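Asks:
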Amino acid sequence: MSETVLCEQVDRVAILTINRPDKMNALSEAVRGEMLAHLARLESDGSVGVVVITGAGEKAFIAGADIGEFAGRTPFDQRWAMRSPRIFDVMASYPKPVIAMINGYCLGGGCELAMSCDLRVASSTASFGQPEINLGLIPGGGGTQRMPRLVGAGQAMRLILSGDRIGAEEARAMGLVELVFSPEELRGKTLELASRIASRSPLTLKVAKEAVRASERLSIEDGIAYERDLFCLCFSSSDKEEGVAAFLAKRPAQWTGR
Ligand code: COA
Numbered sequence: 004m005s006e007t008v009l010c011e012q013v014d015r016v017a018i019l020t021i022n023r024p025d026k027m028n029a030l031s032e033a034v035r036g037e038m039l040a041h042l043a044r045l046e047s048d049g050s051v052g053v054v055v056i057t058g059a060g061e062k063a064f065i066a067g068a069d070i071g072e073f074a075g076r077t078p079f080d081q082r083w084a085m086r087s088p089r090i091f092d093v094m095a096s097y098p099k100p101v102i103a104m105i106n107g108y109c110l111g112g113g114c115e116l117a118m119s120c121d122l123r124v125a126s127s128t129a130s131f132g133q134p135e136i137n138l139g140l141i142p143g144g145g146g147t148q149r150m151p152r153l154v155g156a157g158q159a160m161r162l163i164l165s166g167d168r169i170g171a172e173e174a175r176a177m178g179l180v181e182l183v184f185s186p187e188e189l190r191g192k193t194l195e196l197a198s199r200i201a202s203r204s205p206l207t208l209k210v211a212k213e214a215v216r217a218s219e220r221l222s223i224e225d226g227i228a229y230e231r232d233l234f235c236l237c238f239s240s241s242d243k244e245e246g247v248a249a250f251l252a253k254r255p256a257q258w259t260g261r
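Per this note's numbering, residue 4 is the first one in the sequence shown, and the count goes up by one each step.
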């Protein structure tokens, strides 16, 4: 692996760091390819329960797609660059929880990548936006679909049509991020949360994520029926027997992921 995406592990949490700070961690084709390779490897690594995505340096999480790669591209070139599997969709359907640790500019494809994650934790100095309109483009990483689901159509329209940037507190108030910490606290608090999640049963995490993700595509009636089926499916797992037995015996559960 080259050094465009760094991977480290702290207990059961893998941290992927996009490492192009001189280019504001822009999502080049190479970065997307390396992230896909890391995610594929981490998916089958039983020692990893949660993946955290962040950007190198003080300034940027990800300032969007690599704009340099757009110059002179034909629609055919662009269609090839956007071939499946796409990083945004891989992250949204990833079987393990993925947390965006947003340490600075979170723009365009960076904001779309963050929205593909399960949770977003931001530094109070981070800023957010979909500035594609300024380039004669629209969001192409799922932003027109995922943003309205997170913040409502009105706020999504405002950000996508204006290209305006907003700060972390405003992003939190509208539901674009879940938690905001000072830059000094960001890593520690994010890893605390990630480790807590990673200490749960990997099997049950996968089912819980699947159920919540289903709410993005199902009607309320179908979603509730699906949840009931998944809930009952949990009764086939050793981890359900263990969780219930541990509660009744007043001891910590020992998960096996089965
Ligand atoms: N793609 C490619 N390169 C990018 C980039 C991107 N999305 N965002 C920043 N860079 C590069 C700059 O070209 C510059 O490179 P250089 O030093 O070789 O000239 C370097 O990163 C630093 O950026 P700079 O603009 O000088 O920093 P800044 O602090 O003044 O501004 C931003 C930071 C993020 C506000 C600004 O870089 C920006 O608006 N980036 C584009 C955001 C965008 O439109 N994203 C959507 C893409 S579809």
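Each residue gets a CB set at the ideal place from its N, CA and C atoms; glycine is no exception. Note that the structure is a prediction, hence the values are computed from the model and not measured.
Output the residues surrounding the ligand COA, defined as those with a CB atom closer than 7 angstroms to any ligand heavy atom, in chain order.
Replies: Every residue passing the under-7 angstroms Cβ criterion appears here: D25, K26, M27, A29, K62, A63, A66, G67, A68, D69, I70, G71, Y108, L110, G111, G112, P134, E135, N137, L138, L140.
Asks: Could you check what DSSP says for Q81 in three-state terms: helix, strand or coil?
Replies: If DSSP states are grouped into helix, strand and coil, Q81 belongs with the helices.
Asks: Exposed or buried, which one is T20 when buried takes at least 16 other CB atoms within 10 Å?
Replies: Classification of T20: buried, given that the 10 Å Cβ count is 16 or more.
Asks: Verify whether the separation of the beta carbon atoms of S130 and Y97 is less than 7 angstroms.
Replies: No; because the gap between Cβ atoms is not below 7 angstroms, this pair is not in contact.
Asks: Could you give the residue range of the alpha helix (DSSP H) that holds V53?
Replies: Per DSSP, V53 belongs to no alpha helix (DSSP H); it is in the beta strand (DSSP E), 53–58.
Asks: Hey, how far is the Cα of T128 from the Cα of D121?
Replies: Each residue's alpha carbon lies about 21 angstroms from the other.
Asks: If we count the other Cβ atoms within 10 Å of its Cβ and call it buried at 16 or more, is V101 buried or exposed?
Replies: Buried, because 16 or more other Cβ atoms sit within 10 Å of the Cβ of V101.
Asks: For I227 and P151, I'd like the C-alpha separation in whole angstroms.
Replies: Cα to Cα, I227 sits roughly 22 angstroms from P151.
Asks: Using C-beta distances below 8 angstroms, list every residue in its chain close to I70, excluding the 5 sequence neighbours before and after it, in chain order.
Replies: Excluding residues within five positions, the ones whose Cβ falls inside 8 angstroms are A29, L138.
Asks: Rounded to a whole number of angstroms, what is the C-alpha to C-alpha distance between D304 and A176?
Replies: Outside the shown range of the chain (4 to 261) lies residue 304, about which nothing can therefore be said.
Asks: Report all residues from its chain with a CB closer than 6 angstroms to the CB of A174; omit the five preceding and five following residues, and keep chain order.
Replies: Excluding sequence neighbours, A174 sits near F131, V180.
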